[in-house]
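J.:
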DNA sequence: TATCTGACGATAG
DNA sequence: CCTATCGCCAGAT
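Structure below.
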């Protein structure tokens with residue numbers, strides 16, 4: 460489908476909403492899935508300006524939680540059953 | 001139209 | 001682990 464005019468916004472929202480509970484994704488992954496690889500920053504802006512989205516399921520590529528929201532973020536992730544440790548998310552790869 | 005901003009990413013030091 | 005710098009993109013002013 461030719462992603463309609465809104466493309467970016469609609470696509471990113473759809474991808475973020477499609478993230479299953481207990482799973483997480485990164486800004487870069489969401490951007491690429493939405494069809495805008497490299498637009499990780501734009502994704503962050505969209506999640507910030509678009510309420511109602513499970514933004515807590517989206518973290519930075521380094522496994523770091525969203526800056527300025529670590530507290531809120533970690534708490535939400537824990538509620539989803541995601542393991543958080545010292546502001547970082549465990550992605551099935553332990554040291 | 002131009003410029004700045006930002007819930008980014010990667011690399012370098 | 002931290003900060004600094006560059007590249008990237010879309011939105012806001």
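In our numbering, the protein residues as written are 460 to 554. Glycine included, C-beta positions come from ideal geometry on N, C-alpha and C.
(1) Our contact map puts residue 563 next to residue 489 with C-beta atoms below 8 angstroms; I'd like the distance itself, whole angstroms only.
(2) Secondary structure at residue 472, three-state DSSP: helix, strand or coil?
(3) Going by other Cβ atoms of all chains shown within 10 Å of its Cβ, with 16 needed for buried, is residue 477 buried or exposed?
(4) Between which two residues does the alpha helix (DSSP H) harbouring residue 508 extend?
(5) Where in the stretch 527-552 do unbroken runs of the beta strand (DSSP E), each at least 3 residues long, occur, reported from the N-terminal end onward?
T.: Reading off the structure:
(1) An answer regarding residue 563 cannot be provided, because it is not within the stretch 460 to 554 covered by the chain.
(2) In this structure, DSSP gives residue 472 a helical state, which the three-state scheme calls helix.
(3) Exposed.
(4) 499-508
(5) As for any beta strand (DSSP E) of minimum length 3 sitting wholly inside the stretch 527-552, there is none.
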